[in-house]
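Novice: Residue numbers (full-length UniProt numbering), protein chains in the order written: chain A, 1 to 433; chain B, 1 to 433; chain C, 1 to 433; chain D, 1 to 433. Here a beta-carbon is modelled for each residue, glycine too, at the ideal position from N, C-alpha and C. Note that the structure is a prediction, hence the values are computed from the model and not measured. Dropping a structure here in structure tokens format, bear with me for questions.
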């Protein structure tokens, strides 16, 4: 196998180009029509076998699919630039794809997962913000790659190039999962349920940033990702003229606002970390009308499945009570979830070992403590339940602002580090230890 | 003067037609481009002198003008059907018009005001809803004439026909004010400040419904309209990942929700009626992000200007404290107001007297108690401050549902009653008493 | 009949003395043991027929009787100074008395009601506070005559003297009701249900202060007293160590606090005045324990019985929802009420007429607008339902501070005015008009 | 040195007797007059040098001392049974004592700390509750040893007996700190600041229960005790009649209730455990009075000093904002605190070793995870800052109900285990390792 540094050097300009392209055209979960198409075109050229949209996902295992109207509008816009061959398979919010490369030589089955969706955040537009300064700020108002998935997708494309170009030197089988709708824990279960992880020996995924580490430092495993549940609450009351007939209104805005404020009084749990957030509230029609509609997006998290279950149960009771308090009806939809995940210790040492020879990786931290949620958990748990091993890694980079902030950005050098890490993992052949 | 019953009979089909047209194409305040154009075309044909948009309004006396982008989008759509001659004058949210008819004979100057805007409500679409059943339900999703202004506009057109057709039998001068943006108390001050009421001797306006009276019953004057203030609160915090860095967020959603729930604890006032409503709340980006933005639409009301001032002062303090509580900034905009209004008793007896001969009016209630808010108050106070007299009337009709409800509707016979009432007022010559 | 001015002059020093005595020894509702005894001794001397405690009250019609332990403790203390003959009849919270004087001559049956209880307020102790400066500030810590009932009781004693001393000049029958527990609307129903008002022709009661009127100005009737309901809510949760096992607690303090804050969001009623107040909240054991107990005292009011019923119903639902929200149980006790009351217009003119000759009364306002609640309403409604007439009057005095404030006080001259008003009412013989 | 099992056997009946006595007569922090006296008498007999009350405490380092009136009342009651010699030294809330035994032989200085105060909880009175069934339920209504300090005190007395009886076989110096007011983190700092820990080589304290361990299992060290801050908030508003003049009130009850509910929305901290509790709320005078006073007891905790500082800072801002919201004043008193504490690992192995020979200890867990707060932290940090070593241990016992619950109790066999553990620690001579 040729020294991969020359591969890295040759692909670096493409990494930057891909990343900036994806950053410029961010798409929300289950609406990554153009993103999926861009990935698909690239992988098709390389010779991967592709499973797009409906072929990649178990349709009814998706959580929180946008409503029909929103999807159709997006599909109409996408149809201008996305080939019908792809679009037909993606209709109705079936985005993402799975790309398979079989060397047809005996060997392990490795799976790599890259999440491709963006967030409903309006990107900062000021000179201190690198993407703005360098003219690749989001073109889609209100949507932004504020979590680094543009980078993840890019790394996946880089890795696909490596596999295709070095196939003759490789053994076994490679499955690349370009997963939609990671935000909200909505997409991973649908790929998992489609069966892609069934005979996987080693599973790898990872995230840019998260911890404040310099470029060149990576973590081989992580602990602390929280189980989570995503709830949407729809409050239905009765509108009325607020000046003339206040007593005839049943105030859905107050019900939603009360739920939002009260949720935080769910007692903390003595056995571990818990979280609750009401991240979005939309209610009401106008100032002089008692509001008949309220909508609330909620997320609970727990260090264990049990703690998250406790948080979800308490949250549901509080939301119901808030509705009762203002005599409105409420419907609570379950729209996403993530599980706990436990990385295999053996991979910590394997990765440390194989990365020793990397020119780009200066330090491998065996395990990093984190506290978000990840639906890669579904895939990892599936792999491990079948006897495989799995890990979720971190790729260090300094961040000018937090994940999910309008000024989020990362150092583009991390793309190289991360890609090199994946390459060393493949080249290691899982023979060490 | 010919017996007006034949006039009424001949115009009745047009009243129904106009009303249903306006109902079908409702437009929000300061965006009544098509509505204004429809009115203007009709009045131009009749020979009225028109003052459209910028010529009718004091531009900087308008409250709560929609943002530029929204206006431009609406103007672009309107440009397909509205003559440029009109549209040019309406650009930038200058809707409504004033129509003047001068008999050039000595006599009183009478002003009549009709409000023309609709509400941000999604109209009911079921068979029990008359406009749906009869196919004139709103074509503009999310916008609805749920307060009867479609009827008011129609009555105004009817009255214009009467004046034009009977001009030779009339004395004095007639000013018809087709006012935009009554909802939210946003438009009347701009017409008032333009000077239209300066030398008016008698001012008349009125409302369909409000009280549960049968068609044929009207009220000559009203008491109880509340002074009101409209406030918009913009909360600015700091977004952060709700799972990973909750302590770095400053939660604007919680600030807005806290303000909304707490506002109701402003103590009631012993000296009269007070109201407060948070009618709209929009906050947050997504469930796993601590929200950095929150927006709240609020209205306070008071039986007197002093009580409303008290309510507004308390509301402002509470909103600020809610922001402080969650360490976010808040900006409070004053976007609309109405004043108290006191109808002239003398007009109660005048109207009772002149309506005795009406075939359509069975009973005139001298004074009806109400409790909403009306920005006709600005016009009435202006007329009265110059020595004129003014009243605000009610036109009885049964309502299947409350004002500002998705199923609001009225009996179309009220259009005839109301028009006949205005006609008798004109014909009475203000000579009685 | 002798000129009553000499009577007034001779009794004035006693009025001051009585008032200051009652002020110094205030007693809460259903615990007016000493107050009742003092009144009883005085009336016994005058020759009235007395009905004390159990003989004056329908025992099971009392609302909000203090708990056994509290009563026993008070009775023990009272036993040191109250004659057993009285105390035996008062045991178990049966305070107050009814005094009857029958002239045995044909004539009307007049009833006069005086309320005798104090409030759970700690009286101000500073030089600007007249009772403190003049050394008759409350000796009972935490209890205070902050509503003028010390004055009412005094006026009743003065009136009894007048009746006894002028009996030979009077006709008919006089019933004086010294009612316990007016605060909280707890005592009047029990006297009413005992039957004292059954054959009463004219009923009179009244209040010192309320409106800002000078001494010498009185109101013959009042309108605006609100119907009210008094609720006690007991929340029962589960205590737990707040640091070690927060998730095992069910927080009754939060339930009570949530109820208290949310109650204010009951929509105002378009048909009239409404009120709600959470006046007392006691919850919790200590800072590091999740509270298992919460107690809330609530009062709702309405301009009509229907509005108050609406307020009470909404309040109950909100309290229940607040309990559900924090997974605690709640029991809601109904502990007091008042009704609406409508004074007879005829008495407005009668009183105006008969008071013309009074030296102390300078102006009689026919009707004064008020907005508190009064359980004299039970008595008035009973009298009127039997064909009698009733009124509730006001006796003007300037107040240094509001009713129910620690610095509440009144001008002692009002005692004279009020007594003289009652005397003129009796002397008028109800013959005018 | 004689085999200590015979000592244990002979003292066991006394342990039970002492424990039940202390349990029956519980006293709140800084009011342990009788408890201190009972301890003092016992230790005096044994020959310890005693430092009582003012001699044991740095007076102005105490937190949250009860008010003068409460103390005087308690001192008056205590004076009936407590010798003046002791009482004089304890006046003004100076309870607790330090007992010193110097063998006058070279050796280590060992300090042992026992906390002696009870909690404001009303003890359960039912047959399932062991103390009730066996007639040693609390005689002091509303006060209860619900945290096992009756046991701690008992163990201290047992240890004192051991030291006195075996003095000839021991070396060095022994200081026994019987500390008042552990609950609320109020007493330890005052003993620490008095200088008792200055030259201590080894510090030992511990707790009954906490973790669900059987009798015979103990933990040599603990981790996870939280830094904490105790705040009292006094809200001052303006009272007013809730029906007549609601707008003149400034509602302190609502301010306190708002603070209590909002405190929970302080964001959790990503770097570790945090807690907040509003454990007590007292507000208001009566249902028809807008409340002018509100009182709130709050506790914040954090896994580190920094997290607790964050919680305290946020809590203070929220309390202030709640006051501002309802236009009331607030004063926040700092009334207690605990620090983090880190047990010395070396003591884990020492204790495991020396306890091997114990007949009563079956298992020593090197480190147990806990999550409360302990003001022994002040003493431990002081000892460690001077180069000494310190630990906080757990003594296993099954609990029928949680700490701080009305049915809290422990298995009395734990007294023997704990005492035997202390004895082995002394006998080990700190020579191992």
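1. Could you work out which residues of chain C lie near residue 258 of chain A, taking near to mean beta carbons separated by less than 8 Å?
2. Output needed for residue 329 of chain B: all residues of its chain with C-beta closer than 8 Å, excluding positions within five of it in sequence on either side, in chain order.
3. Measuring CB to CB, does residue 158 of chain D end up less than 7 Å from residue 28 of chain D?
4. Rounded to the nearest angstrom, what separates residue 180 of chain C and residue 247 of chain C at their Cα positions?
5. For the segment 398 to 432 of chain B, list every residue whose C-beta sits within 9 Å of some C-beta in chain A, in sequence order.
6. Assign residue 83 of chain D to one of two classes, buried (16 or more other C-beta atoms within 10 Å of its C-beta) or exposed (fewer than that).
7. Provide the residue span of the alpha helix (DSSP H) that contains residue 44 of chain C, from first to last.
8. Are there 16 or more other CB atoms within 10 angstroms of the CB of residue 433 of chain D, so buried, or fewer, so exposed?
9. According to DSSP, is residue 208 of chain B part of a helix, a strand, or is it coil?
10. For residue 247 of chain D, decide whether its Cβ has a neighbour in chain B, counting only Cβ atoms nearer than 7 Å.
11. Any idea if residue 142 of chain B is buried or exposed, counting beta-carbon neighbours within 10 angstroms, 16 or more meaning buried?
12. Take residue 262 of chain B and list the residues in its own chain whose beta-carbon comes closer than 7 Å to its own, dropping the five residues that flank it on each side.
13. Do residue 187 of chain D and residue 19 of chain D have their C-beta atoms within less than 7 Å of each other?
14. According to DSSP, what are the bridge partners of residue 440 of chain C?
15. Would you tell me roughly how many angstroms separate the C-alpha atoms of residue 422 of chain D and residue 291 of chain C, rounded to the nearest one?
16. On the DSSP bridge assignment, give the partners of residue 251 of chain D in chain order.
17. Does the separation of the CB atoms of residue 374 of chain B and residue 225 of chain B fall below 7 Å?
18. Looking at the secondary structure, which residues open and close the beta strand (DSSP E) in which residue 176 of chain A lies?
19. Give every residue of the same chain whose Cβ lies closer than 6 Å to the Cβ of residue 358 of chain A, excluding the five residues on either side of it in the sequence, and list them in chain order.
20. In chain A, what lies closer than 7 Å to residue 241 of chain B by C-beta?
21. Are the CB atoms of residue 57 of chain A and residue 190 of chain A nearer to each other than 7 Å?
22. Sorted by chain position, which residues of the same chain lie with C-beta nearer than 7 Å to residue 316 of chain B's C-beta, five sequence neighbours on each side aside?
23. Residue 277 of chain A CB to nearest chain B CB: under 7 Å?
24. Quick one, are the C-beta atoms of residue 360 of chain C and residue 417 of chain C less than 7 Å apart?
25. Could you give the first and the last residue of the continuous alpha helix (DSSP H) run that contains residue 365 of chain C?
26. Could you check whether the Cβ of residue 181 of chain C sits closer than 7 Å to any Cβ belonging to chain D?
27. Count the other CB atoms within 10 Å of the CB of residue 334 of chain B; is the residue buried (16 or more) or exposed (fewer)?
28. Let me know the secondary structure DSSP gives residue 277 of chain A once reduced to three states.
29. Taking Cβ-Cβ distances shorter than 8 Å, what residues in chain C pair up with residue 184 of chain D?
30. Specify the secondary structure class of residue 245 of chain C as computed by DSSP and reduced to three states.
31. Could you please give me the residues that DSSP links to residue 392 of chain B through a beta bridge?
32. Taking just the CA atoms, how far does residue 173 of chain A sit from residue 96 of chain A?
33. May I ask you to list, following chain order, the residues of the segment 113 to 147 of chain D that have a beta carbon less than 7 Å from some beta carbon of chain C?
34. Can you list, in chain order, the residues of its chain with a C-beta nearer than 7 Å to that of residue 412 of chain C? Leave out the 5 residues immediately preceding and following it.
35. Tell me the DSSP bridge mates of residue 109 of chain C?
36. Given that residue 324 of chain A touches chain C, what residues does it touch there, using C-beta distances under 8 Å?
Specialist: This is what the structure holds:
1. Think of a sphere of 8 Å around the beta carbon of residue 258 of chain A: the chain C residues whose beta carbon falls inside it are 262, in chain order.
2. 235, 236, 237, 323
3. no
4. Residue 180 of chain C and residue 247 of chain C: Cα-Cα distance of roughly 46 Å.
5. Residues passing the 9 Å Cβ filter: 402, 403, 404, 405, 406.
6. exposed
7. Where residue 44 of chain C is concerned, the enclosing alpha helix (DSSP H) stretches over 33 to 46.
8. Residue placement at residue 433 of chain D cannot be trusted, given a pLDDT of 44 that sits under 50; the coordinates are not used to answer.
9. strand
10. yes
11. exposed
12. 318, 322
13. no
14. Because chain C here runs from 1 to 433, residue 440 of chain C falls outside it and cannot be looked at.
15. Taking the Cα positions, residue 422 of chain D is about 35 Å away from residue 291 of chain C.
16. Partner(s): none; residue 251 of chain D has no beta bridge.
17. yes
18. 173 to 179
19. 420, 424
20. 372, 402, 403, 404
21. Residue 190 of chain A sits close to residue 57 of chain A, with the two beta carbons spaced by under 7 Å.
22. Same-chain partners within the cutoff: 332.
23. It does: the Cβ of residue 277 of chain A has a partner Cβ on chain B nearer than 7 Å.
24. yes
25. Not the alpha helix (DSSP H): residue 365 of chain C falls in the beta strand (DSSP E), residues 363 to 369.
26. no
27. So residue 334 of chain B ends up on the exposed side.
28. strand
29. The answer, in chain order, is 286, 287, 288.
30. Three-state DSSP puts residue 245 of chain C in coil, outside helix and strand.
31. Looking at the DSSP assignment, residue 392 of chain B forms a beta bridge with B:205.
32. 20 Å
33. 119, 120, 121
34. 16, 19
35. DSSP lists C:173 as partners of residue 109 of chain C.
36. 317, 320, 321, 324
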